[in-house]
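**Student:** Letter by letter, the sequence shown follows residues 387 to 702 of the numbering used here.
Just so you know, even glycine gets a beta-carbon here, dropped at the ideal spot from N, CA and C.
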Amino acid sequence: MAGESLSVVIPVYNSEAILPSLVERLEPVLRGLTQDFELLLIDDSSRDGSWKVIQELAREHPWIRGVHMMRNFGQHNALLCAIRRARKEIIVTVDDDLQHPPEEIPKLLEKLDEGFDVVYGTPAKEQHGFFRDLASQVTKLALQSTMGADTARKVSAFRAFRVHLREAFTEYRSQFVSIDVLLTWGTTRFTAISVRHDPRTVGVSNYTFRKLVTHALNMLTGFSVFPLQLASVTGFVFVLFGVGILTYVVGRYVFFLGEGENVPGFPFLASVIAIFSGAQLFALGIIGEYLARMHFRMMERPPFAVHSTTDAGELE
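What follows is the structure, given as structure tokens:
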């Protein structure tokens with residue numbers, strides 16, 4: 387990294403038991419990379435004693451800075467808060483559960499030196515269950531549609547990027563945040579490398595199947611017009627289907643008029659109406675999602691709000 391300074395940012399949620407070990411493993415790695423580094427621990431309103439642990443760590447290590455959120459905003463919102471507060475030239479984001487080994491950080495930085503702006507550390511093998519892996523793949527498919535980048539299928543929360551990219555989303559204020567999408571606003575130089583991915587040894591993951599699917603839907607409706615295009619295509623397909631049905635019904639009536647053939651009756655007509663009604667409701671539902679996003683953005687609800695920090699020796 388050629389003497390560049392380094393900020394490591396970690397969103398924290400209910401991780402009081404693992405934070406000391408995380409810092410213990412992280413410190414020698416950072417000291418081996420540069421003399422100018424910092425660690426930002428963003429407590430996303432944990433329900434355990436994570437904030438107290440962060441305060442203690444900040445007292446013991448001057449290079450650690452802590453931020454306590456007013457309420458739980460979510461991982462990406464916490465990351466946005468940390469990215470805007472970072473003071474160094476390169477930012478590395480890491481999960482708080484030690485599934486991203488700190489010892490793998492040099493690999494990301496080496497790849498970054500090859501001329502890329504964003505490098506993802508893709509796990510060689512996922513350590514989650516079937517449904518969690520399935521939800522993760524759904525999220526990545528949604529991200530690929532949103533980002534328009536080939537690397538989207540290889541994204542992870544273990545990433546390194548140059549701090550100047552945040553200038554592209556300085557004015558972003560929506561409560562719906564996807565760091566990976568925001569990074570595409572500043573660069574197209576993405577890549578990914580394979581890194582070790584360790585199993586979680588303490589606690590359980592806070593990213594459930596439901597949260598991952600919700601995040602995927604938020605990305606699609608918050609940063610992409612793909613659902614609207616899908617609704618348009620669906621409507622067009624059913625219009626063609628309707629024209630085909632009409633041609634079939636009228637054709638039977640005309641060609642078999644003298645042979646006692648009648649236009650098909652109520653069950654057939656009811657099924658066609660049900661299909662078309664479902665397509666209309668599907669399209670209206672997608673439009674409603676976009677209207678809801680517009681409504682929330684007009685409210686100017688902030689993506690995060692800080693309760694307290696450990697900066698300037700103020701340990702609340």
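Name the residue from E424, F612, M455, V636 whose alpha carbon lies nearest to the alpha carbon of E475.
**Tutor:** Of E424, F612, M455, V636, the residue nearest in Cα terms is E424.
**Student:** Per DSSP, T695 forms a beta bridge with which residues?
**Tutor:** The partner list for T695 (beta bridge, DSSP) reads V453.
**Student:** I need the DSSP call for S560, collapsed to helix, strand or coil.
**Tutor:** S560: coil per DSSP, three-state reduction.
**Student:** Can you tell me whether DSSP reads E702 as helix, strand or coil?
**Tutor:** Its pLDDT being 46, under 50, E702 is placed unreliably in this model, and the value from its coordinates should be taken loosely. E702 falls in the coil class under three-state DSSP.
**Student:** Leaving out the 5 sequence neighbours to the left and right, which residues in its chain are closer than 8 Å to R457 when beta-carbon positions are compared?
**Tutor:** Same-chain partners within the cutoff: S431, A691.
**Student:** Pop quiz: V398 and I440 are said to be a contact at Cβ under 8 Å. What is the actual Cβ separation, rounded to whole angstroms?
**Tutor:** Confirmed, Cβ separation roughly 7 Å.
**Student:** Ignore the nearest five residues each way along the sequence and tell me which others in L416's own chain have a CB closer than 6 Å to its CB.
**Tutor:** Excluding sequence neighbours, L416 sits near F423.
**Student:** Confirm, please, whether the CB-CB distance from V453 to D429 is below 9 Å.
**Tutor:** It is a contact, given that the beta carbons lie within the stated cut-off.
**Student:** Tell me which same chain residues have a C-beta within less than 6 Å of the C-beta of A444, skipping the five on either side of it?
**Tutor:** I450, G452, T696.
**Student:** List the endpoints of the continuous beta strand (DSSP E) containing I469.
**Tutor:** Run containing I469: none in the beta strand (DSSP E); it sits in the alpha helix (DSSP H), 461-471.
**Student:** Apply the 10 Å Cβ neighbour rule to F547 and answer buried if 16 or more other Cβ atoms are within range, or exposed otherwise.
**Tutor:** Classification of F547: buried, given that the 10 Å Cβ count is 16 or more.
**Student:** Check whether the Cβ atoms of S618 and A669 lie closer than 9 Å to each other.
**Tutor:** Yes, the pair counts as a contact, with Cβ atoms nearer than the cut-off.
**Student:** Could you check the C-alpha separation between L465 and P689 for me, to the nearest Å?
**Tutor:** Roughly 10 Å between the two C-alpha positions.
**Student:** How about Y676 and L616: do their beta carbons lie closer than 9 Å?
**Tutor:** Not a contact, by the Cβ cut-off of 9 Å.
**Student:** Would you kindly work out how many angstroms separate the C-alpha atoms of E700 and R679, rounded to a whole number?
**Tutor:** Residue confidence is low: E700 scores 48 on pLDDT, short of 50, so the model does not pin down where it sits. No coordinate-derived value is stated.
**Student:** Taking only three categories from DSSP, how would you classify T420?
**Tutor:** If DSSP states are grouped into helix, strand and coil, T420 belongs with coil.
**Student:** Measure the Cβ-Cβ separation of T420 and V504 and say whether it is below 9 Å.
**Tutor:** Taking 9 Å as the Cβ cut-off, T420 and V504 do not qualify as a contacting pair.
**Student:** Mind checking whether A472 and I396 have CB atoms under 9 Å apart?
**Tutor:** No; because the gap between Cβ atoms is not below 9 Å, this pair is not in contact.
**Student:** Is D584 closer than 9 Å to L484 when the C-beta atoms are compared?
**Tutor:** Yes, the Cβ-Cβ distance between L484 and D584 is below 9 Å.
**Student:** Using the rule of at least 16 other Cβ atoms within 10 Å of the residue's Cβ for burial, across every protein chain shown, is W571 buried or exposed?
**Tutor:** Flag for W571 reads exposed.
**Student:** For S391, which option in R582, L408, G418, E557 has the closest C-alpha, if you only look at C-alpha atoms?
**Tutor:** Minimum Cα distance to S391 is reached at G418.
**Student:** Helix, strand or coil: how does DSSP classify L427 here?
**Tutor:** Three-state result, L427: strand.
**Student:** Going by DSSP in three states, Y634 sits in which element: helix, strand or coil?
**Tutor:** Y634: helix per DSSP, three-state reduction.
**Student:** Measure the C-alpha to C-alpha separation of E402 and R411 and round it to an integer number of angstroms.
**Tutor:** Cα to Cα, E402 sits roughly 15 Å from R411.
**Student:** What residue from P414, W437, S393 has the CA that sits closest to I404's CA?
**Tutor:** With distances taken between Cα atoms, I404 lies closest to W437.
**Student:** So, P509 versus S580, is the Cβ gap smaller than 9 Å?
**Tutor:** Result yes, Cβ atoms of P509 and S580 sit closer than 9 Å.
**Student:** Less than 9 Å between the beta carbons of G501 and R545, yes or no?
**Tutor:** Contact flag unset, no.
**Student:** Given this structure, state the Cα-to-Cα distance separating E702 from P414, to the nearest angstrom.
**Tutor:** Its pLDDT being 46, under 50, E702 is placed unreliably by the model, and the measurement read from it follows with that caveat. If I take the Cα positions, the gap works out to 28 Å.
**Student:** Got a sec, what are the start and stop residues for the alpha helix (DSSP H) V439 sits in?
**Tutor:** Taken as a continuous stretch (DSSP letters only), the alpha helix (DSSP H) holding V439 covers 436-446.
**Student:** Return the CA-CA distance between P488 and V541, expressed in angstroms with no decimal places.
**Tutor:** Distance between the alpha carbons of P488 and V541 is about 18 Å.
**Student:** Could you check the C-alpha separation between R582 and L495 for me, to the nearest Å?
**Tutor:** Rounded to the nearest angstrom, the two C-alpha atoms are 15 Å apart.
**Student:** Could you name the residues of the same chain whose beta carbon sits closer than 7 Å to that of L569, not counting the 5 residues immediately before and after it, in chain order?
**Tutor:** Result list for L569: V504, F547, L551, in chain order.
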